[in-house]
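In this text, residue positions in the sequence shown follow the numbering used here: the first is 32, and each later residue adds one.
Below: one structure, written as structure tokens.
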Amino acid sequence: MSTPHIAAEPGDFASAVLMPGDPKRAERMAGLILDGARQVTSVRGILGFTGTYNGEGEHHGKPLSIMASGMGMPSMGIYASELYQFFGVERIIRVGTCGGISADVNVGDVVIGVGAHTTSSMNELRIPGTHFSATADLVMAAAAYTAAEPGQAVFAGAIISSDHFYFSIPGQLDAMITHNVLGVEMEAASLYGIAANFGKRALAVFTVSDHLTKKGGDMTAEERETRFQGALKLAVAAAYV
Ligand code: HPA
32 MSTPHIAAEP
42 GDFASAVLMP
52 GDPKRAERMA
62 GLILDGARQV
72 TSVRGILGFT
82 GTYNGEGEHH
92 GKPLSIMASG
102 MGMPSMGIYA
112 SELYQFFGVE
122 RIIRVGTCGG
132 ISADVNVGDV
142 VIGVGAHTTS
152 SMNELRIPGT
162 HFSATADLVM
172 AAAAYTAAEP
182 GQAVFAGAII
192 SSDHFYFSIP
202 GQLDAMITHN
212 VLGVEMEAAS
222 LYGIAANFGK
232 RALAVFTVSD
242 HLTKKGGDMT
252 AEERETRFQG
262 ALKLAVAAAY
272 V
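Below, the structure is given as structure tokens:
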């Protein structure tokens, strides 16, 4: 039973799916943290894998899927909707990057998106006359937060999901800073809206890859990989609650 965008069978996905934006990152993550990973879909180059978690601890050996979302809210919306509706998926954890906005966060830190403001109209259409509140699953967010290593820089709060990477309205960034928005990315608000729509659960965990107001301090390639694994560990903790 394939859907328009996922060529897989029911049962090919675990009940929890980690979702980076980039298909190559999905493949690398599968190689890194799954035993017996098999590719379950590749429609339009959006790769999905299922195996068992190979890390130490209580979750070792449990089924886990990893699939890319592509970039932007419409793309995330397509894959999250099909996974939740047709493949028995209960929990999706976006594992992505965000641009830092708050002065509190630095490149390399981890941000847990408890709520997602958005410039998109996707959630405005959900409840007529209502500004929809796009929120993460509290139990998953708490599991991710408490899985942090002592001393690991992890922030939990509101992020903004933007339709634009290269454009902002004058005054928008300043207002985001005033309102303590931690970072900007392009998918979480859509994921949270769709999870609510289908009575499912979702979380987004980010590595801060760049900073919109603090220049310099960009991560080296090696730092990106190790810091990214910090966020990945938190995402896995959220996959099994
Ligand atoms: N804007 C939007 N999405 C992002 C950014 C950004 O600066 N950095 C990482 N994802």
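Note that beta-carbon positions come from the ideal geometry of N, C-alpha and C, so glycine has one too.
For Phe-259, the enclosing alpha helix (DSSP H) covers residues 252–270. Here Gly-79 carries a strand assignment [DSSP, helix/strand/coil]. Phe-118 sits buried, since 16 or more C-beta atoms from the chains shown fall within 10 Å of its C-beta.
Taking 4 residues as the shortest admissible run, the stretch 119–184 contains the following complete alpha helix (DSSP H) segments, listed from N- to C-terminal end: 169–177. For the pair Ser-221 and Met-98, the CB atoms are not nearer than the 8 Å cut-off. Under the DSSP assignment, Ser-106 falls in the alpha helix (DSSP H) whose first and last residues are 104–117. Separation of Val-145 and Gln-70 (C-alpha to C-alpha, rounded to the nearest whole angstrom) is 31 Å.
With fewer than 16 neighbouring CB atoms inside 10 Å of its own CB, Ser-33 falls in the exposed class. For Ala-68, the uninterrupted beta strand (DSSP E) segment begins and ends at 65–72. For Phe-196, DSSP records no beta bridge to any residue. Judged by beta-carbon spacing, Ile-124 lies within the 8 Å limit of Leu-234, meaning their Cβ atoms are closer than that value. In terms of Cβ geometry, Val-212 and Ile-143 do not form a close pair [threshold 8 Å].
In the three-state scheme derived from DSSP, where H, G and I count as helix and E and B as strand, Ile-191 is classed as strand.
Buried is the label assigned to Val-138, since at least 16 other Cβ atoms lie within 10 Å of its Cβ. Judged by beta-carbon spacing, Ser-100 lies within the 8 Å limit of Met-50, meaning their Cβ atoms are closer than that value. If the five residues before and after Lys-93 are omitted, its C-beta is found closer than 7 Å to the C-beta atoms of Thr-83, Tyr-84 and Tyr-271, all from its own chain and listed in chain order. Counted as a single uninterrupted DSSP element, the alpha helix (DSSP H) harbouring Ser-221 occupies residues 219–228. When Ala-178, Val-185 and Ala-39 are compared, the shortest CA-CA separation from Gly-88 is found for Ala-178.
In this structure Ser-152 is exposed. Its beta-carbon is surrounded by fewer than 16 other beta-carbon atoms within 10 angstroms.
The criterion of a C-beta distance shorter than 8 Å is not satisfied by Cys-129 and Phe-229. Around the beta-carbon of Ile-191, 16 or more other beta-carbon atoms lie within 10 Å, marking it buried. In the pairwise beta carbon analysis, the stretch 171–185 is classified as touching the stretch 259–271: at least three pairs are separated by under 8 Å.
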